[in-house]
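Residues in the sequence shown are numbered consecutively from 2, following the numbering used here. Okay, so here's the structure we're looking at.
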Amino acid sequence: MKTNPEHTNALIHETSPYLLQHAHNPVNWYAWKPEVLLEAKKENKLLLISIGYAACHWCHVMETECFEDEEVAAVMNRHFVNIKIDREERPDIDHIYMDALQMMTGSGGWPLNIVALPDGRPFWGATYVRKTDWTKVLEQLATLYSTDKTKVLEYAAQMEEGLHSINIIPAPEREGSLSQNDLKSAVKNWSQYFDTYLGGYKRAPKFMMPVNLNFLLHFTSLFKDSETNEYVHTTLRRIAYGGIYDHLGGGFSRYAVDTKWHVPHFEKMLYDNAQMISLYAKAYASNKNPLYKRVVEESIVFVNRELKCANGGYYASLDADSTNEQGHLKEGAYYVWTEKELTEILQEDFPLFRDYYNINSYGHWEEDFYVLIRDHADEEIAQKHNLKTSDFISRLKKCKKALLSKRELRARPGLDDKILTSWNALMIKALAEAYRYLGEQEYLDQATEALTFIENSIMKGDGSLFHNHKEGKSSIEGFLEDYANLIAAYLEIYELSFEESWAKKAKQLSDYCVLHFWDKKSGLFYFTSDTEEITVRRSFETTDNVIPASNSVMALNLYKLALLYPEGKYGELAERMLQQMKESILEHPNSHAHWMHFALFQVFPFKEVVITGESALEYAKVIASEYLPNTLFAGAVKEGGLSLLKGRIKHDKTLIYICQNGACQLPVATAEEALASL
2 MKTNPEHTNA LIHETSPYLL QHAHNPVNWY AWKPEVLLEA KKENKLLLIS
52 IGYAACHWCH VMETECFEDE EVAAVMNRHF VNIKIDREER PDIDHIYMDA
102 LQMMTGSGGW PLNIVALPDG RPFWGATYVR KTDWTKVLEQ LATLYSTDKT
152 KVLEYAAQME EGLHSINIIP APEREGSLSQ NDLKSAVKNW SQYFDTYLGG
202 YKRAPKFMMP VNLNFLLHFT SLFKDSETNE YVHTTLRRIA YGGIYDHLGG
252 GFSRYAVDTK WHVPHFEKML YDNAQMISLY AKAYASNKNP LYKRVVEESI
302 VFVNRELKCA NGGYYASLDA DSTNEQGHLK EGAYYVWTEK ELTEILQEDF
352 PLFRDYYNIN SYGHWEEDFY VLIRDHADEE IAQKHNLKTS DFISRLKKCK
402 KALLSKRELR ARPGLDDKIL TSWNALMIKA LAEAYRYLGE QEYLDQATEA
452 LTFIENSIMK GDGSLFHNHK EGKSSIEGFL EDYANLIAAY LEIYELSFEE
502 SWAKKAKQLS DYCVLHFWDK KSGLFYFTSD TEEITVRRSF ETTDNVIPAS
552 NSVMALNLYK LALLYPEGKY GELAERMLQQ MKESILEHPN SHAHWMHFAL
602 FQVFPFKEVV ITGESALEYA KVIASEYLPN TLFAGAVKEG GLSLLKGRIK
652 HDKTLIYICQ NGACQLPVAT AEEALASL
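Structure below.
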């Protein structure tokens, strides 16, 4: 934030760090509010809607080149009502205008710039635009609106029709449910895009896509598909070796600009790190690779060090840019090293560090800078330097500690310190899963601490949710992604603690969603509540993006709730949702991976593991630490009111029941016996 600024606009009253970054632009920015749209209609002035987020590099570039320029601002202020939107605060608005941009140009991205009629209907869009082109096109659009308004209205009407048509969920044409063969065929068709050598897809940039990898890990465990399993673990190893992973501080950047996962786009997002922690924890459970365990542990340390706030919640992101030694904002400046710096800091340990992290042509980025990247196992580098592996790792830890201490003296990347319910829910679930598979009690404690924060600060008295929180304020109504991911977190923590209050809260939130988000016609859930005003359309989110599609998360939640509360209609709703989506799943498996993750519950046996008695939690901890994706855990130490527990609690012994669709086998008395039948 500038001191003694020359300009101040309406964004100064907002809490979003991204909006506050623009509060002293000469552009007369407003936040998205009903009264602003009303004023635009009164003045018959076009809307210029610019959407971005705090960690977006090109958003910063366009601000510097265009929005801080007096001449550009004069053009914008003269012709438009200018609205700035933080896409992370308003994913509902972002969905609509991103669809519009993709319809108009065939591509998308941020900054997302839209020109719309005063009522919000779009008719022009672009991403990053250079200053000279920006002013030229804005003048042309303003002239077109004043001289040929009919043409603009016609095109806006066509766009509106298109936006509604792509949001229609057609009834399924194919009879029957999804089968194992359907899913095998979908993965086979999808696999032609897999990069089996470097992991990810055969292209750059490379995104980690944890939603996809989570499904494929689940898929390979059930189908015993060794080829796909090898691809998944190649991808996980390459990501963990790559520069996209922060080898000194832990945690993941958003994506890599090259094919070998080397040079990242350096912003670090809570949602990426939460999902990658979950994924690596599950992968560790599946094959006990110590690399995966280390990634989980280091990434949790990173999130707690850099993104955790004092009240137990988690902030949104760290910026890609920071100030370099010359005092200029530079992407990645906080994370990269010169060979000279490394030699001076590490001294006699530099040769082994150089070989391990490729301070050579393979690890070179630009100018004199290197991004750390591995391509060999610990044992290979230790052998090269005639060291025991344990001694090598000890020296490497010393190197990393020295470099991290030095790095912390640098100017830090900007922190987006807003708290988002959906992303916090992903982190809560990640911590719970890390506890499940690694066994560290502190992870479960951190998860419940964050849940308590949400209940105290973001949940309203009627049980509904806000989407955002900062400095004691929450202002935006919750979206389906907030409810769905929080329900999933509640269910995960119930399975690990057997405290029925968590399951009950999941049920209450689900009932709220059915009441306020569900669409009877399609059988799916809208992204926004029926308590909110509609802009252009009320959207469905059915395809995965950087986080799983909220409808797919909701379907999986309802499936699990049906097992805990069979008296409700949750199972019918979940089944209908999957039926509604089956053709889209098979046509586009890469963007429906979380739906397929749920489908695996349907096409393979799904087991309920019911554990009761004094040692229920100890037995559950042993059994649940194995990778058993097609299971639900329920239990009680003393008393329990859930249907699965009725008649199965014996106070003098601990019993384990393996059930399917509510019908249970005879109980066994040890975790080993239970695992043998799972």
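All C-beta atoms, glycine included, are put in the ideal place defined by N, C-alpha and C.
A Cβ-Cβ contact shorter than 9 Å links residue 423 with residue 485. Counting along the chain, residue 162 sits inside the alpha helix (DSSP H) bounded by residues 150-166. The Cβ neighbour count for residue 581, taken over all protein chains shown within 10 Å, is at least 16; the residue is labelled buried. For residue 410, the closest C-alpha among the options 95, 335, 296 is that of 335. Taking residue 196 as reference, the option from 546, 64, 260, 418 with the minimal CA-CA separation is 260.
The continuous alpha helix (DSSP H) containing residue 572 extends over residues 571-588. In the structure shown, residue 301 adopts helical secondary structure according to DSSP, grouped into three states. Note on geometry: alpha-carbon atoms of residue 212 and residue 549 lie some 6 Å from one another.
For the 9 Å CB-CB criterion, residue 414 and residue 319 form a contact. The three-state reading of DSSP puts residue 131 in coil, since its state is none of H, G, I, E or B. For residue 425, the enclosing alpha helix (DSSP H) starts and ends at 422-439. Look at residue 270 here: in three-state DSSP terms it is strand.
Residue 54 is positioned such that its CB atom lies closer than 9 Å to that of residue 88. Three or more beta-carbon pairs drawn from the stretch 154-165 and the stretch 117-124 are found closer than 8 Å, and the two stretches are therefore classed as touching. In this structure residue 527 is not in contact with residue 465, their Cβ atoms being roughly 15 Å apart against a cut-off of 8 Å. Under the three-state reduction of DSSP, residue 403 is assigned to helix.
Closest in alpha carbon position to residue 563, among 662, 623, 256, 119, is 662.
In summary, residue 651 is exposed, with fewer than 16 beta-carbon neighbours lying within 10 Å of its beta-carbon over all protein chains present.
Between the C-alpha atoms of residue 637 and residue 571 there is a straight-line separation of about 23 Å. The DSSP-derived three-state label of residue 661 is strand. Segment contact: the stretch 369-385 against the stretch 436-447, fewer than three CB-CB distances shorter than 8 Å; contact not assigned.
If you draw a straight line from the Cα of residue 540 to the Cα of residue 455, it comes to about 26 Å. No residue range can be given for residue 15, since it is assigned to no alpha helix (DSSP H) and is classified by DSSP as neither H nor E. According to the DSSP secondary-structure assignment, residue 635 is paired through a beta bridge with 611. Secondary structure remark: continuous alpha helix (DSSP H) runs of at least 4 residues inside the stretch 181-269, in chain order: 181-191, 211-224, 227-242.
The alpha-carbon of residue 144 is positioned some 25 Å away from that of residue 26.
DSSP, reduced to helix, strand and coil, places residue 93 within a helical segment of the structure shown. By the 16-neighbour rule on beta-carbons within 10 angstroms, residue 92 is buried. Between the stretch 424-432 and the stretch 270-288 there are three or more inter-stretch CB-CB distances shorter than 8 Å, so the stretches are counted as touching.
With three or more CB-CB distances shorter than 8 Å, the stretch 156-167 counts as touching the stretch 94-108.
In this structure, DSSP gives residue 287 a helical state, which the three-state scheme calls helix. Residue 599 and residue 557 have their C-alpha atoms spaced approximately 6 Å apart. Three or more Cβ pairs drawn from the stretch 37-51 and the stretch 73-87 lie within less than 8 Å of each other, which places the two stretches in contact. The Cβ atoms of residue 516 and residue 488 lie no closer than 9 Å to each other.
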